[in-house]
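Same order as they appear, the protein sequences are chains A and B.
Heads up, the first sequence is in the numbering used here, so the first residue is 57 and it goes up one at a time.
Heads up, the second sequence is in the numbering used here, so the first residue is 623 and it goes up one at a time.
The C-beta atom is built at its ideal place from N, Cα and C for all residues, glycine as well.
Notes to accompany the following structure.
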Amino acid sequence: MKAVCWYGAHDVRVENVPEPKILSPRDAIVKISLTAICGSDLHLYNGYIPTMEKGDILGHEFMGEVVEVGTDVRSLKKGDRVVVPFTICCGRCFYCQRQLWSLCDNSNPNANLAEKLYGFSGAGLFGYSHLYGGFAGGQAEYARVPFADVGPLKITDGLSDEQVLFLSDILPTGFMAAENCNIMPGDTVAVWGCGPVGLLAQKSAWLLGAERVIAIDDVQERLNLARQHCQAETVDFSRVGDVIETLKELTGGRGPDACIDAVGMEAHGTAIDALYDRAKQAVHLETDRPHVLRQAIQACRKGGTVSIPGVYGGWIDKVPMGAAFAKGLTLKMGQTHAPRYMRPLLERIQRAELDTGFLISHRIPIEQAPTAYKQFNDKAEGWTKVVLNPS
Amino acid sequence: MQVITHPRHATNVGKAERIASIIGGSALALAGLRKRTPGGIALAALGAAVIERGATGHCRMYEALGIDTAEKGQGAETTSLPYPVGIRLDRAITVSRQRQEVYRFWRDLQNLPRFMKHLESVQVLDERRSHWVVSAPAGRKVEWDAVIHNEIENELLAWRSLENADVDNAGSVRFSDAPGGRGTEVRVELQYNPPAGIIGAVFAKLFGEEPTQQIEEDLRRFKQIMEAGEIPTTAGQPSGRDAKDEGTSRRTNPHEDDVQYASELSFPASDSPSWRG
């Protein structure tokens with residue numbers, strides 16, 4: 057089968073690899089009908105996530121048809137159409153039982169590796185490094201889905217693949233980012249990053265009762281999407297002198313009630329600290345560039361919340377902990393507990409409260425994935441979200 | 623049968639041994655710190671633990687095994703290993719299952735090879751005795767008979783090898799309720815005394831490098847079987863390594879215990895992580 061494989065920084069290739077087989081009783085095999093490239097795949101593409109191996113199959117946003125199930129899978133059968141969450145969850149551990157799905161105790165075969173880096177291991181993820189289990193991903197014609205009786209969500213009615221595909225990751229991720237803001241009446245939510253997750257966080261903030269939503273980015277077409285599709289006020293950080301002062305001014309001197317860092321470890325910026333991060337990262341003294349996180353902490357009003365859906369992988373410098381402490385901020389973060397949100401969000405899609413179709417800028421055959429990775433990574437004009445057709 | 627219920631402050635290590643522990647532990651810690659490698663840090667940590675044992679006069683392994691070398695101690699009849707030699711390990715894990723269920727699975731000793739990597743088989747001979755076979759490289763086997771010398775249903779199992787064992791060893795596992803419905807805390811303590819000669823060498827090779835991590839991995843598999851019903855795996859899944867034009871030979875599981883290798887390969891902007899020592 058065709059699969060998008062990682063071979064190093066800026067080197068992904070479409071290879072012809074064997075089809076997956078059932079390996080455990082709770083597995084299923086899914087014939088993929090639609091898959092996507094995620095912004096977090098770009099961290100892999102740029103080589104910032106440790107423990108990738110040459111030949112690893114990428115992809116964690118996918119859906120398709122169940123073609124085979126293991127002996128212990130009763131909730132799915134051949135022919136079911138499913139969206140697969142990017143988190144692999146056993147469904148029975150302390151964390152799964154408490155809906156903290158991305159922290160599953162039992163789904164990472166390389167848990168000892170994650171423990172060495174992070175103290176404890178989270179759930180296994182599809183196509184996201186050996187640290188997260190080394191599971192083959194879904195940018196392929198077929199994927200093996202472990203614990204298939206827990207995560208995959210059946211789609212039975214007439215919704216199209218494009219309408220539901222993003223339930224696999226970016227929609228729950230944007231939604232959880234907004235939910236983590238604990239939005240109260242009158243709240244202003246500022247969102248750094250107008251990539252797909254940032255845009256969906258903006259939409260979700262409205263659904264959860266925000267009074268105002270402010271979007272921050274420097275890519276014009278993304279700011280346009282934020283204005284047109286997410287009713288956000290926008291701040292172009294390359295034009296305003298000082299983002300924090302601008303936000304203060306926009307909020308009558310109070311600062312946003314909640315700030316969302318939908319950018320993560322590869323932030324771009326023009327301020328002095330962004331240059332410092334670039335220099336340190338270039339000489340391997342820092343793994344992540346937390347420019348946005350610093351701004352969010354600094355900008356947030358006293359007692360507010362900083363919500364972090366953007367991915368961090370290692371060590372960061374000069375985080376203004378004093379500001380976070382002095383202002384009594386709440387910081388919430390982590391991989392998305394995707395299964396917690398999939399059904400309720402599917403219902404919102406069915407009720408036409410949520411539409412994610414505006415994100416898709418490119419529909420291309422899987423063979424063109426290497427080009428798509430490059431264009432998406434370069435934020436080339438018009439490349440917002442790529443969906444891949446595997447067959 | 624004696625169960626120590628408040629063991630933390632109980633002295634079960636004799637005076638001479640306590641002094642020896644402090645001296646030996648200090649030497650270990652110093653040697654470990656000088657090496658400045660993960661192994662060295664582990665050695666230093668082991669040294670610290672031995673120092674603590676000397677300072678407090680309390681040895682958790684002795685406690686589990688029912689050993690007491692303190693001058694007025696009791697329980698010497700349960701001593702299973704010639705003191706003070708041998709390697710001792712302990713590790714705990716929480717299993718999100720009822721204590722009775724967890725105990726029952728472990729008490730059926732034939733289940734142990736399902737999660738203990740090197741254990742080939744355990745044959746139950748009678749209510750207390752069993753025959754253990756560990757597979758070793760080059761088709762070698764290490765075998766012994768063991769007896770359960772202490773058992774409290776749903777709480778404790780302690781066993782030791784009988785005479786003529788290839789490797790003298792002993793162990794115990796305790797089961798206790800975790801707070802707030804979190805399931806069962808399982809604490810394993812193992813002690814073994816590799817002999818000189820070829821069997822000792824084989825055994826040292828099997829368990830020598832990172833014995834604590836091996837116990838940890840065994841316990842993790844135990845938890846996975848109890849909770850998820852299976853051990854997660856990726857062995858046999860496709861990758862670009864199997865692509866038709868890719869014929870390179872590779873290590874089968876390069877990440878098994880090699881964070882540093884992986885990190886250097888693909889952590890281009892590494893901030894001298896702490897585990898590099």
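Residues of its chain near residue i, where Cβ-Cβ distance is below 7 Å and the 5 sequence neighbours each way are ignored
{"i": "D329/A", "result": "H347, R350, K374"}
{"i": "P76/A", "result": "I85, A192, Y198, A199, R200"}
{"i": "S131/A", "result": "D205"}
{"i": "R69/A", "result": "C61, Y63, P426"}
{"i": "R310/A", "result": "R357"}
{"i": "C145/A", "result": "C152, W157, C160, S163, A179, F203, V206, G207, P395"}
{"i": "K435/A", "result": "V275"}
Coil, strand or helix - residue i by DSSP
{"i": "R736/B", "result": "helix"}
{"i": "A234/A", "result": "helix"}
{"i": "C286/A", "result": "helix"}
{"i": "S363/A", "result": "strand"}
{"i": "Y368/A", "result": "coil"}
{"i": "L410/A", "result": "coil"}
{"i": "F176/A", "result": "coil"}
{"i": "W439/A", "result": "coil"}
{"i": "G858/B", "result": "coil"}
{"i": "G695/B", "result": "Annotation note: pLDDT 38 at G695/B (below 50); position unreliable, coordinate value reported separately. The answer is coil: DSSP assigns G695/B none of H, G, I, E or B."}
{"i": "P165/A", "result": "coil"}
{"i": "R640/B", "result": "helix"}
{"i": "K763/B", "result": "strand"}
{"i": "L786/B", "result": "Going by the sequence as given, residue 786/B is Asn instead of Leu. Of the three classes helix, strand and coil, the one that applies to N786/B here is coil, per DSSP."}
{"i": "E71/A", "result": "strand"}
{"i": "S294/A", "result": "coil"}
{"i": "R729/B", "result": "helix"}
{"i": "N776/B", "result": "coil"}
{"i": "I78/A", "result": "coil"}
{"i": "E322/A", "result": "strand"}
{"i": "D112/A", "result": "strand"}
{"i": "K133/A", "result": "coil"}
Selected residue, minimal CA-CA separation from residue i, among the options
{"i": "L169/A", "options": "S131/A, G189/A, W439/A", "result": "G189/A"}
{"i": "P312/A", "options": "R345/A, V70/A, E301/A, N72/A", "result": "E301/A"}
{"i": "T856/B", "options": "P202/A, S447/A, E71/A, R268/A", "result": "P202/A"}
{"i": "R751/B", "options": "N772/B, P759/B, V764/B", "result": "N772/B"}
{"i": "D292/A", "options": "K304/A, V367/A, A271/A", "result": "A271/A"}
{"i": "M279/A", "options": "L255/A, G115/A, E171/A, A380/A", "result": "Reading off the sequence shown, one finds Leu at residue 279/A, where the question assumed Met. Cα-wise, what sits closest to L279/A is L255/A."}
{"i": "C94/A", "options": "P446/A, Y429/A, A436/A", "result": "Y429/A"}
{"i": "I105/A", "options": "E121/A, A65/A, K133/A", "result": "A65/A"}
{"i": "L223/A", "options": "E403/A, M398/A, K304/A, I405/A", "result": "M398/A"}
{"i": "V769/B", "options": "W781/B, F727/B, G761/B", "result": "W781/B"}
Beta-ladder partner(s) of residue i, from DSSP
{"i": "A865/B", "result": "For A865/B, which the question treats as bridged, DSSP gives no partner whatsoever."}
{"i": "S185/A", "result": "For S185/A, which the question treats as bridged, DSSP gives no partner whatsoever."}
{"i": "M119/A", "result": "L90/A, V139/A"}
{"i": "K210/A", "result": "V138/A"}
{"i": "P395/A", "result": "None; P395/A has no bridge partner."}
{"i": "G308/A", "result": "According to DSSP, which records beta bridges pairwise, G308/A is partnered with nothing at all."}
{"i": "Q155/A", "result": "Answer is none; Q155/A lacks a bridge partner."}
{"i": "I85/A", "result": "E124/A, R200/A"}
{"i": "R268/A", "result": "T244/A"}
{"i": "P421/A", "result": "N445/A"}
{"i": "L812/B", "result": "L711/B, G793/B"}
{"i": "Q745/B", "result": "H753/B"}
{"i": "I847/B", "result": "Answer is none; I847/B lacks a bridge partner."}
Whole-Å CB distance - residue i paired with residue j, under 8 Å assumed
{"i": "I416/A", "j": "P365/A", "result": "Not confirmed; about 20 Å, so no contact."}
{"i": "E322/A", "j": "R345/A", "result": "6 Å"}
{"i": "A196/A", "j": "I113/A", "result": "6 Å"}
{"i": "V269/A", "j": "A355/A", "result": "Between A355/A and V269/A the Cβ distance is about 14 Å, and since that is not below 8 Å, they are no contact."}
{"i": "A379/A", "j": "I353/A", "result": "5 Å"}
Sequence-distant residues of its chain with Cβ nearer than 8 Å to residue i (five each side left out)
{"i": "P81/A", "result": "G126, T127, D128, V129"}
{"i": "R872/B", "result": "Residue confidence is low: R872/B scores 40 on pLDDT, short of 50, so the model does not pin down where it sits. No coordinate-derived value is stated."}
{"i": "T392/A", "result": "F142, T143, S158, D225, P228, T229, M232, P365"}
{"i": "D67/A", "result": "none"}
{"i": "K336/A", "result": "E342, D373"}
Close-in-space but distant-in-sequence residues of the same chain around residue i (CB under 6 Å, 5 per side omitted)
{"i": "K388/A", "result": "N236, S363"}
{"i": "R809/B", "result": "A714, R796"}
{"i": "N791/B", "result": "S783, Y814"}
{"i": "G438/A", "result": "S417"}
{"i": "G325/A", "result": "H347"}
{"i": "A234/A", "result": "A257, S260, A261, L264"}
{"i": "A787/B", "result": "W766"}
{"i": "K441/A", "result": "P252, L415, I416, S417"}
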